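Chemist: In terms of the working numbering, the sequence shown has 104 at position 39, counting the first letter as 1, and numbering is strictly consecutive.
Got a structure here, written out as structure tokens. Questions coming.
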Amino acid sequence: SSHFGFVVLAARAAPFLSRLCGAQCTSAMKTVAAVVGALCSFAQVTHAADKNPLGTVMSLLDELRAKIVKEGEIEVKAFKEYFEWCDDTAKNGEHSVKTATAQKAKLEA
């Protein structure tokens, strides 16, 4: 029943999406809607079994998504730290060059 709701939602969203992305998307959206409908029908048929293989796949995909999001957050944090280090190093280098240039001029005078 929840799968049927998803199919209905996808069918209702199709006209909006076709206006949004133009006529090129229409055939692709129909194909996607057909595939989603077939998967949902398959899920409803296999739901009667004790262990739903499609449910297992969806669970694995959810776990993979969570893992990817977590790794992405870690990478963003690491990149920010690296970017700050680069900025600090560049500022320190610029300051060292200015100081050395000023000192050189002072010593030459």
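Ideal placement from N, C-alpha and C gives every residue a C-beta, glycine not left out.
Quick caveat, the model's predicted, so the values are computed rather than measured.
Kindly indicate which three-state DSSP category Ala52 falls into: helix, strand or coil?
Modeler: Given a span of 66 to 174 for the chain in the structure shown, any question on residue 52 remains unanswerable.
Chemist: Tell me whether Asn157 sits in a helix, a strand or coil according to DSSP, three-state version.
Modeler: Asn157 falls in the helix class under three-state DSSP.
Chemist: According to DSSP, simplified to helix, strand and coil, what is Ala145?
Modeler: The question names Ala, but residue 145 is Lys in the sequence shown. Helix.
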